[in-house]
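Number 309 marks the last residue of the sequence shown (the UniProt record's numbering); no jumps.
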Amino acid sequence: MFLERFIQYIQFEKRYSPHTVSAYQSDLGQFIAFLNNPEGIEPPPELTITHPDQITHHHIRNWMVDMMGNEIASRSVSRKIATLRKYFKFLLADGIIIVNPASKINTPKVPKNLPVVVEDAKLTQMLDGALNGSGTPIFNEDFAGTRDKLVVEMLFGTGMRLAELVGLKETDIDKYEGTVKVLGKRNKQRIIPLNNELKLLLERYLLLKKSENFSNNSLTLIVTNKGTDVYPKLIYLIVQKYLSHISTQSKRSPHVLRHTFATSLLNKGADLNAIKELLGHANLSATQIYTHNSVERLKSIYKLAHPKA
């Protein structure tokens with residue numbers, strides 16, 4: 001089915017991130033499994049699909065119906081069909097097929113949800129040393145506590161993605177320029193300035209990290225309590241733990257801090273194009289969703305302040 005050739009193409013030529021490559025592999029694997037077992041019954045050998053030119057738009061539509069029947073979210077269905085479009089486009093360009101069966105497939109409409117944010121005032125108060133319910137500091141002063149605080153500060157102070165934070169090396173920090181070099185989607189690099197508090201926190205963290213004398217001496221910026229490279233699940237758990245102190249909303253993921261970063265900048269008058277560059281968005285349309293949050297904020301202010309509201 002030329003899957004390996006396609007995966008090598010997106011991995012080495014398009015230079016997609018490991019996370020994206022893994023998602024494509026999973027989507028295509030699910031589709032192939034459905035093709036050869038559409039009703040939960042293995043088809044006879046003569047009906048088994050062995051070459052992509054045997055696949056028609058009917059197969060893809062049937063897969064969509066099956067996913068929606070299994071209550072797969074519209075957003076997930078659309079993403080999986082987008083994977084097929086790219087896969088068949090690649091096969092068409094390589095001359096492996098002569099018709100793209102995914103070209104005329106209409107995906108379900110995906111509702112546009114506004115970005116979930118936390119109150120930046122509460123977030124700042126927590127990072128500035130707020131106490132928890134028992135009267136002790138939310139962040140401990142030891143290595144783990146400083147590491148946790150750095151995770152929250154980096155995500156809120158730079159707007160970087162979870163995967164970007166996980167991939168940071170110590171050498172990506174330029175302490176003289178006060179910047180961090182981030183490797184984003186499609187291996188696109190960008191430089192993000194660091195605020196003064198974040199620079200001081202980084203210095204403290206690196207000193208504590210060095211004093212721990214971890215055996216593997218990892219150059220990855222964020223590490224576990226044992227000194228091994230951090231992994232996405234740990235970052236997620238750290239963020240969820242500390243946001244629970246200031247937010248009752250169910251969504252308390254690292255991406256919420258990215259949304260809060262962008263919304264906070266926009267509310268304070270930052271240029272939309274500048275925010276786009278800081279976030280590493282390829283298109284301005286991806287950044288414009290944050291304007292909706294700002295409009296809602298303005299409406300609230302208007303209702304509270306205007307005599308005829």
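Don't be surprised by glycine CBs; every beta carbon is placed ideally from N, CA and C.
Keep in mind it's a predicted model, so treat the numbers as computed, not measured.
query = Cβ atoms of I246 and D148: under 8 angstroms apart, would you say?
reply = Contact: no.
request  = Would you please state the rounded distance, in angstroms, between the beta carbons of P115 and I275? I believe it to be under 8 angstroms.
outcome  = Actually they do not touch by this definition, with Cβ atoms about 12 angstroms apart.
task = Apply the 10 Å Cβ neighbour rule to Q110 and answer buried if 16 or more other Cβ atoms are within range, or exposed otherwise.
result = Position check: residue 110 holds Val in this sequence, whereas Gln was assumed. Exposed.
request  = Locate the beta strand (DSSP E) running through K181, then write down its first and last residues.
outcome  = Where K181 is concerned, the enclosing beta strand (DSSP E) stretches over 179-183.
request  = Check whether the Cβ atoms of E170 and L206 sit closer than 8 angstroms, and answer yes or no.
outcome  = Going by C-beta atoms, E170 is nearer than 8 angstroms to L206.
inquiry  = Suppose only complete runs of 4+ residues qualify. What are the alpha helix (DSSP H) ranges in the region 253-277, listed by chain order?
reply    = Taken in chain order, the complete alpha helix (DSSP H) segments of 4 residues or longer contained in the region 253-277 are 254-267.
ask   = What did DSSP end up calling I191 once you bin it into helix, strand or coil?
value = Three-state result, I191: strand.
ask   = With a CB to CB cut of under 6 angstroms and the five nearest residues on each side skipped, what residues in its chain are close to F261?
value = Excluding the 5 residues flanking it on each side, F261 has same chain C-beta neighbours closer than 6 angstroms at F156, G159, in chain order.
ask   = DSSP puts T220 in a beta bridge; with which residues?
value = Paired residues: K169.
message = Would N36 and T48 qualify as a contact pair, given that the criterion is a beta-carbon distance under 8 angstroms?
response = Yes.
request  = Please name the residue or residues paired with D148 in a DSSP beta bridge.
outcome  = Paired residue(s): none; D148 is not in a bridge.
key: Counted within 10 angstroms of its Cβ, other Cβ atoms place M126 as buried (16 or more) or exposed   = It is buried - the Cβ of M126 has at least 16 other Cβ atoms within 10 Å.
ask   = For R186 versus K14, is the C-beta distance shorter than 8 angstroms?
value = A contact, by the Cβ cut-off of 8 angstroms.
query = Beta carbon of P108, beta carbon of F88: below 8 angstroms?
reply = No. Outside cutoff.
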